[in-house]
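K.L.:
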Amino acid sequence: MSALDVEAVQAFVTIANLQSFTRAADALGTTQGAISVKLKRLEERLGHKLIERTPRLVRLSAQGAVFVEAAREFLAAHDRALSALTSTRRRFTLGIAAHVVGPEVPTLLARLNAHDPSLTIEVRLDNSPKLLESFDRGEIDAAIIRREEDRRDAEVLAPEDFGWFAAPDFEHRPGEPLRLAALSPLCGVRDIAIHALDAAGIPWTEVFLGGGSSVVADAVSAGLATAVFSCRVAPPGTLEVSRKFGLPTLPSSEIVLLSTLSDQQSRKALRTIAAAFREHRSTAA
Numbered sequence: 014m015s016a017l018d019v020e021a022v023q024a025f026v027t028i029a030n031l032q033s034f035t036r037a038a039d040a041l042g043t044t045q046g047a048i049s050v051k052l053k054r055l056e057e058r059l060g061h062k063l064i065e066r067t068p069r070l071v072r073l074s075a076q077g078a079v080f081v082e083a084a085r086e087f088l089a090a091h092d093r094a095l096s097a098l099t100s101t102r103r104r105f106t107l108g109i110a111a112h113v114v115g116p117e118v119p120t121l122l123a124r125l126n127a128h129d130p131s132l133t134i135e136v137r138l139d140n141s142p143k144l145l146e147s148f149d150r151g152e153i154d155a156a157i158i159r160r161e162e163d164r165r166d167a168e169v170l171a172p173e174d175f176g177w178f179a180a181p182d183f184e185h186r187p188g189e190p191l192r193l194a195a196l197s198p199l200c201g202v203r204d205i206a207i208h209a210l211d212a213a214g215i216p217w218t219e220v221f222l223g224g225g226s227s228v229v230a231d232a233v234s235a236g237l238a239t240a241v242f243s244c245r246v247a248p249p250g251t252l253e254v255s256r257k258f259g260l261p262t263l264p265s266s267e268i269v270l271l272s273t274l275s276d277q278q279s280r281k282a283l284r285t286i287a288a289a290f291r292e293h294r295s296t297a298a
């Protein structure tokens, strides 16, 4: 058997991860046609069909499911071999908004490390406005935030839907102010909640302010208050209570990736981040 082509294996793994030729092409910065050619070349070289493709579904074949983990290890070994020639570690600073950080972050960091083991990865957690300010000052290389404004340099990663969440035993009596828990007063999600309540004429009072989303989640889980969370990262064991308490519908938003990095190695790292985020969201959905 002849040697494996790295780009062909990368195309196969990206298709397998994202379950889409379109998203794989976007992640690799190429076209669907080029992705298809590389996959076909790999399948011919291996003598097995690796991807089953229909108009509505893209999935691994039986042979593809057997090969995919070895293919990922092959790519990781290739990247490690290249990075071994570079003695200087690079630093990559990534900002993630507190209301965005969720279960996909371990996958994202693992993929980023596998892509370039020479990276020293620094992650900063804060609210979206502060991360946006840090990004504009050049203090961080990239930011994953909730869209705060219409910026042409933002790459949309996923839609974001919000809901009102509370513990199962949380009580709210009609006529009483709704007890709220939130992040700091500069939090954009807090602003969404307050504006929605004011527009609906529902009185409210803040009974808990936290310095991080985890402590706000703890306050809600303890029954102290209700709070607005992304439906993706609502605290385990809590319930969406908008119907139960007649709370207003909240507008949707988007999660976006910002970066001004332009060198090829950094752009590959950014594509790795975007692909890992979308893959995890797709799997969870």
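Going by the numbering used here, 255 is the number at position 242 of the sequence shown; the sequence numbering is gapless.
Beta carbons: idealized from backbone N, C-alpha and C, even for Gly.
The structure presented is a predicted model; accordingly, all values stated were derived computationally and were not measured.
Tell me the residue span of the beta strand (DSSP E) that contains residue 171.
P.N.:
Unbroken beta strand (DSSP E) run through residue 171: 167-173.
K.L.:
Does the count of Cβ pairs from the segment 203-217 and the segment 175-194 closer than 8 Å reach three?
P.N.:
Because the criterion of three Cβ pairs below 8 Å is met, the segment 203-217 and the segment 175-194 touch.
K.L.:
Enumerate in chain order the residues of its own chain whose CB-to-CB distance from residue 180 is below 8 Å, with the five nearest sequence positions on each side excluded.
P.N.:
Answer for residue 180: 233, 234, 235, 236, 250, 251 and 252, listed in chain order.
K.L.:
Hey, quick one: how far does the beta strand (DSSP E) through residue 155 stretch, first residue to last?
P.N.:
155-159 is the span of the beta strand (DSSP E), which, as asked, contains residue 155.
K.L.:
Residue 165: which of 273, 278, 153 and 279 sits nearest, CA to CA?
P.N.:
Residue 165 has its Cα closest to that of 273, out of 273, 278, 153 and 279.
K.L.:
Starting from residue 57, trace the alpha helix (DSSP H) both ways and give me its first and last residue.
P.N.:
Residue 57 -> alpha helix (DSSP H) spans 45-59.
K.L.:
Got a sec? Which residues, its chain only, sit under 6 Å from residue 217 by beta carbon, not counting five neighbours each side?
P.N.:
Contacts found: 190, 191, 193 and 210.
K.L.:
Quick one: complete alpha helix (DSSP H) runs, 4+ long, within the segment 77-161?
P.N.:
DSSP runs (the alpha helix (DSSP H)) wholly in the segment 77-161: 118-128 and 141-149.
K.L.:
Residue 234 lies in the alpha helix (DSSP H); which residues open and close that run?
P.N.:
That run of the alpha helix (DSSP H) goes 226-234.
K.L.:
On the criterion of 16 or more Cβ atoms from any shown chain inside 10 Å, does residue 77 qualify as buried, or is it exposed?
P.N.:
So residue 77 counts as buried.
K.L.:
Would you mind giving the Cβ-Cβ distance between residue 265 and residue 154, rounded to the nearest angstrom? I have them listed as a contact below 8 Å.
P.N.:
Between residue 154 and residue 265 the Cβ distance is about 28 Å, and since that is not below 8 Å, they are no contact.
K.L.:
Could you compute how far the alpha carbon of residue 25 sits from the alpha carbon of residue 123?
P.N.:
Cα to Cα, residue 25 sits roughly 19 Å from residue 123.
K.L.:
Counting pairs of Cβ atoms below 8 Å between the segment 132-147 and the segment 110-118, do you hit three or more?
P.N.:
The segment 132-147 vs the segment 110-118: in contact.
K.L.:
Once the 5 residues before and after residue 238 are set aside, which same chain residues still bring their CB inside 7 Å of it?
P.N.:
Result list for residue 238: 192, 193, 194, 220, 221 and 232, in chain order.
K.L.:
Flag this pair as yes or no: are the beta carbons of residue 168 and residue 270 separated by less than 8 Å?
P.N.:
Yes, the Cβ-Cβ distance between residue 168 and residue 270 is below 8 Å.
K.L.:
Taking the alpha-carbon positions, what's the residue 33 to residue 75 distance?
P.N.:
Spanning the two alpha carbons is a distance of roughly 17 Å.
K.L.:
Determine the DSSP secondary structure at residue 192, reduced to helix, strand or coil.
P.N.:
Reduced to three states, the DSSP call for residue 192 is strand.
K.L.:
Using only CA atoms, which one of 243, 187 and 130 lies nearest to residue 172?
P.N.:
The shortest Cα separation from residue 172 among 243, 187 and 130 belongs to 243.
K.L.:
According to DSSP, simplified to helix, strand and coil, what is residue 273?
P.N.:
Residue 273: coil per DSSP, three-state reduction.
K.L.:
So residue 67 is in the beta strand (DSSP E); what residue range does that whole segment cover?
P.N.:
That run of the beta strand (DSSP E) goes 64-67.
K.L.:
If you count every other CB in all the chains shown that lies within 10 Å of the CB of residue 350, and 16 or more means buried, which is it?
P.N.:
The structure shown does not extend to residue 350, since the chain is modelled only from 14 to 298, so the question has no answer here.
K.L.:
What residue range does the beta strand (DSSP E) around residue 243 cover?
P.N.:
It spans 240-243 - the beta strand (DSSP E) in which residue 243 sits, taken as one unbroken run.
K.L.:
Just grab the DSSP bridge partners of residue 266 for me.
P.N.:
The partner list for residue 266 (beta bridge, DSSP) reads 173.
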